[in-house]
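Numbering (the UniProt record's numbering), first residue to last: 713 to 986. Quick reminder that beta carbons are idealized off the backbone N, C-alpha and C, glycines included. Model, not experiment: these values are computed from the prediction.
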Ligand code: C2E
Ligand code: MG
Ligand code: MG
Ligand code: MG
């Protein structure tokens with residue numbers, strides 16, 4: 713197992729990572745039962761409008777409260793779910809649970825949106841569009857309240873991704889391209905798909921201090937120009953310092969997300985304005 717997380721510096725024991733090696737099969741079995749045993753939960757990280765810092769909504773992020781290993785982060789169990797096919801029932805649960813929670817908030821805060829991460833594997837499910845429609849209907853939510861976060865590999869590898877994404881857009885849901893800049897997609901792909909937003913991966917924030925002549929700053933400015941030229945909103949994730957937030961606002965970012973403004977928390981702890 714990995715004694716150190718790259719870049720982390722401090723050595724910390726990671727029971728989840730340790731469990732993945734010798735007990736991979738048993739962790740997979742545990743994951744199989746996690747849904748029925750109610751061990752999965754969603755945490756919500758706030759999203760704010762740049763400039764006004766008004767609350768726009770939240771990204772729903774999945775957590776697994778393992779009875780013996782404690783809280784397992786998605787980086788450990790989502791790949792396992794993807795390889796085993798469990799991502800389909802888990803993805804359906806996430807979508808429904810995020811809609812259920814948003815519907816509660818929606819009563820007093822109808823402007824709030826929820827971001828839901830979709831695995832590329834979910835696009836191989838012919839019932840994806842139908843299950844999104846059903847989740848919206850079940851919770852009486854307008855499609856515009858839900859932002860589906862997809863990755864570049866959906867655009868690149870899923871047959872007929874364009875058709876599926878159009879059908880999702882027809883439901884009114886928004887489509888955000890997550891982890892932008894970490895994949896291999898050609899930029900010319902971007903305008904072929906009915907995307908509404910692009911999320912700059914937090915790795916792009918590394919080294920951003922707000923010095924406009926710095927290289928990471930220039931890269932971000934270029935991405936902003938590209939996205940806005942294609943009529944895409946830009947969300948910047950991983951904002952950890954006030955300098956970074958001010959820089960993103962200065963160069964025209966639309967939506968801010970990061971530990972500086974709020975960490976992912978259980979729904980009961982999520983801050984809502986009065
Ligand atoms: P993502 O969709 O890019 O989500 C953003 C990740 O960055 C989250 O990690 C969030 O906690 C983290 N983050 C946000 N702001 C900061 C910051 O300022 N500093 C730092 N260091 N981190 C920040 P998390 O919750 O561990 O999720 C990791 C990834 O797991 C997600 O990346 C997403 O790809 C995947 N994931 C999470 N929930 C789901 C889910 O329900 N379904 C699917 N398919 N994937 C999920
Ligand atoms: Mg995401
Ligand atoms: Mg992201
Ligand atoms: Mg990311």
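Simplified DSSP state of residue i, which is helix, strand or coil
{"i": "residue 755", "result": "strand"}
{"i": "residue 823", "result": "coil"}
{"i": "residue 722", "result": "Note on residue 722: pLDDT 42, under 50, position unreliable in the model; no value is reported."}
{"i": "residue 838", "result": "coil"}
{"i": "residue 951", "result": "coil"}
{"i": "residue 988", "result": "Look at the range of the chain in this structure, 713 to 986, and you will see that residue 988 is not part of it."}
{"i": "residue 801", "result": "helix"}
{"i": "residue 765", "result": "coil"}
{"i": "residue 747", "result": "coil"}
{"i": "residue 984", "result": "coil"}
{"i": "residue 739", "result": "helix"}
Same chain only: Cβ atoms within 6 Å of residue i, ignoring 5 sequence neighbours per side
{"i": "residue 955", "result": "921, 922"}
{"i": "residue 910", "result": "889, 892, 939, 944, 946"}
Neighbourhood of residue i by C-beta distance below 7 Å, restricted to the same chain and skipping five residues each side
{"i": "residue 958", "result": "922"}
{"i": "residue 837", "result": "800"}
{"i": "residue 978", "result": "753, 755"}
Residues bridged to residue i (per DSSP)
{"i": "residue 868", "result": "None; residue 868 has no bridge partner."}
{"i": "residue 773", "result": "755"}
{"i": "residue 909", "result": "888, 945"}
{"i": "residue 782", "result": "778"}
{"i": "residue 829", "result": "861"}
{"i": "residue 977", "result": "756"}
Residue i classed as buried or exposed, judged by whether at least 16 other C-beta atoms fall within 10 angstroms
{"i": "residue 741", "result": "exposed"}
{"i": "residue 842", "result": "exposed"}
{"i": "residue 873", "result": "buried"}
{"i": "residue 803", "result": "buried"}
{"i": "residue 930", "result": "exposed"}
{"i": "residue 981", "result": "exposed"}
{"i": "residue 782", "result": "exposed"}
{"i": "residue 778", "result": "buried"}
{"i": "residue 787", "result": "exposed"}
{"i": "residue 831", "result": "buried"}
{"i": "residue 757", "result": "buried"}
Contacting residues, own chain, Cβ-Cβ under 8 Å from residue i (five flanking each side not counted)
{"i": "residue 895", "result": "863, 864, 865, 868"}
Check: residue i C-beta below 7 Å from any heavy atom of ligand 5
{"i": "residue 794", "result": "Questions concerning ligand 5 fall outside what the structure shown contains, since the ligands it does hold are ligand 1, ligand 2, ligand 3 and ligand 4."}
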